[in-house]
Amino acid sequence: MNGKTVIVTGCTSGIGRETARDLVKRGARVIMACRNVEMATKLKDEFASETGNNDIIVRKLDLSSLKSVREFADVVNREERRLDVLIHNAGTAEVFRKKLTEDGLEATMATNQYGPFLLTHLLIDLLKRSAPSRIVIVASCMYRIASLNLENVNPTGSLPAYLYYVSKYANLVWGLELAKRLEGTGVTVNCLHPGLIDSGIWKNVPAPLSWGVQLIVKGFFKSPVQGAQTTIHLAVSDEVNGVTGKYFADCREASLTDGVKDPAKGKKFWELSEALVELQPSDPKI
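The sequence shown runs -8 to 277 under the working numbering.
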């Protein structure tokens, strides 16, 4: 990855941290896009010490805030000459507490779907100029227990725990539509299921439920290093040169349900998302 620039969102813990670490080892210029800048800076120093690669940048990014997304994108577009890979890794899951963002969006959907949607729009011209380039979206096979209600794409009244799975369903619907719209540009888009991971996301489960969850997580789930491998594969492997609009698990292409692949759903969800993130006439178009 020498000479290539990669953005990894949400890389202070879990599979995001291990993805960033691996890419730094491969010689990439890695932009760590994180809410917790202090923690990210400590990891940056750790990565540089481990690898000898000092080409690591820490940037503040809160995907739940449309303002933060725009500020981050402005800096990247102003200061970076190229962007070879954009990895949408950041994710959150509220379990019981309903939470709205400053923009009036449901917090889980904002962080996991609408923030990435806006960020991709704002960085698309840089990705096109850097082609062949890649967009990698970390989804989940657990989308299968959810659905996407196009009559209520900002589900502020829904059970928060369920909305994590809805957001992963939305990631896939969006990813397939994005791939379709970017055909012929040299920018590929692929989604993935990393596996069930022993990561920080399970810390949101309150006691006493968390006690049983932790036993299962520690006993049966993948480590973050194992869970990062499919993300890394889609970011760096020559095997996926030119491959777009696909879904991967364990570094191999996997199948999706017909509902997720419905092109009418993808088109409608895209249009609704544009309104939710308040795209401006001056913003880049996809």
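Where a beta carbon is used, it is the ideal one built from N, C-alpha and C, also for glycine.
Computed from a predicted model, the values in this text were never measured in an experiment.
Do T235 and V180 have their C-beta atoms within less than 9 Å of each other? yes
Taking L139 and V157 to be in contact with their CB atoms under 8 Å, please state how far apart those CB atoms are, rounded to whole angstroms. 6 Å
Residue interval of the alpha helix (DSSP H) (run including N103): Careful: N103 lies outside any alpha helix (DSSP H) and carries neither H nor E.
Pairing CB atoms from the stretch 106 to 116 with CB atoms from the stretch 258 to 275, are three or more of them under 8 Å? yes
Taking only three categories from DSSP, how would you classify T111? In the structure shown, T111 sits in a helix (DSSP, three-state: H, G or I).
Contacting residues, own chain, Cβ-Cβ under 7 Å from L270 (five flanking each side not counted): H112
What separation, rounded to the nearest whole angstrom, lies between the Cα atoms of G7 and V227? The alpha-carbon atoms of G7 and V227 are separated by roughly 15 Å.
Can you confirm whether the stretch 217 to 232 touches the stretch 254 to 261 when touching is taken to mean that 3 or more C-beta pairs between the two stretches lie within less than 8 Å? No contact exists between the stretch 254 to 261 and the stretch 217 to 232.
Less than 6 Å between C-beta atoms, sequence neighbours within five positions excluded: which residues of the same chain meet that for E244? K237
Classify T10 as helix, strand or coil using the three-state DSSP reduction. helix
Name the one or two DSSP bridge partners that T(-4) has. R20
Given that a residue counts as buried once 16 or more other Cβ atoms are within 10 Å of its Cβ, and exposed if not, what is R88? exposed
Would the stretch 62 to 78 count as touching the stretch 90 to 100 if we require 3 or more Cβ pairs under 8 Å? no
Nonlocal neighbours in the same chain, by C-beta distance under 7 Å from S201, ignoring five residues either side: Residue confidence is low: S201 scores 47 on pLDDT, short of 50, so the model does not pin down where it sits. Its coordinate-derived value is still stated next. The answer is none, since no qualifying residue turns up.
Tell whether a beta-carbon distance below 9 Å holds between L54 and G95. no
Min CB distance N232 to chain D below 9 Å: In the displayed structure, chain D is absent; only one protein chain is listed.
Using DSSP with H/G/I as helix, E/B as strand and the rest coil, what is A219? coil
Could you compute how far the alpha carbon of S264 sits from the alpha carbon of N143? 11 Å
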